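In UniProt numbering, the protein residues as written are 1 to 87. Even glycine gets a Cβ: it sits at the ideal position worked out from N, Cα and C. Just so you know, these numbers come straight off a predicted model, no measurement behind them. Note sheet for the following structure.
What follows is the structure, encoded as structure tokens:
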């Protein structure tokens, strides 16, 4: 039984590392955009987390630099529908 608990703990830590990496990448993108004069409209900006694994976390929002961004399940980019499941 303890092995199962350890596996779940490792899986949780893996998910947390992945979330922290995505936050770091998001902050880097915001900083780079500001360097060239772009300003992100926080009210209109959402994020999509895409993975082949079904366990992508349940966070509906992410916070970067004091701004909160909502998670979406799909969006259209250049006429192509992109979904969280890569379908």
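{"Item": "Is the beta carbon of residue 31 sitting closer than 8 Å to the one on residue 46?", "Value": "no"}
{"Item": "I need the boundaries of the beta strand (DSSP E) containing residue 80, first residue and last residue.", "Value": "80 to 83"}
{"Item": "Got a sec? Which residues, its chain only, sit under 7 Å from residue 60 by beta carbon, not counting five neighbours each side?", "Value": "70, 71"}
{"Item": "Kindly identify the DSSP beta-bridge partner or partners of residue 67.", "Value": "64"}
{"Item": "Note down the Cα distance separating residue 62 from residue 68, rounded to an integer number of angstroms.", "Value": "6 Å"}
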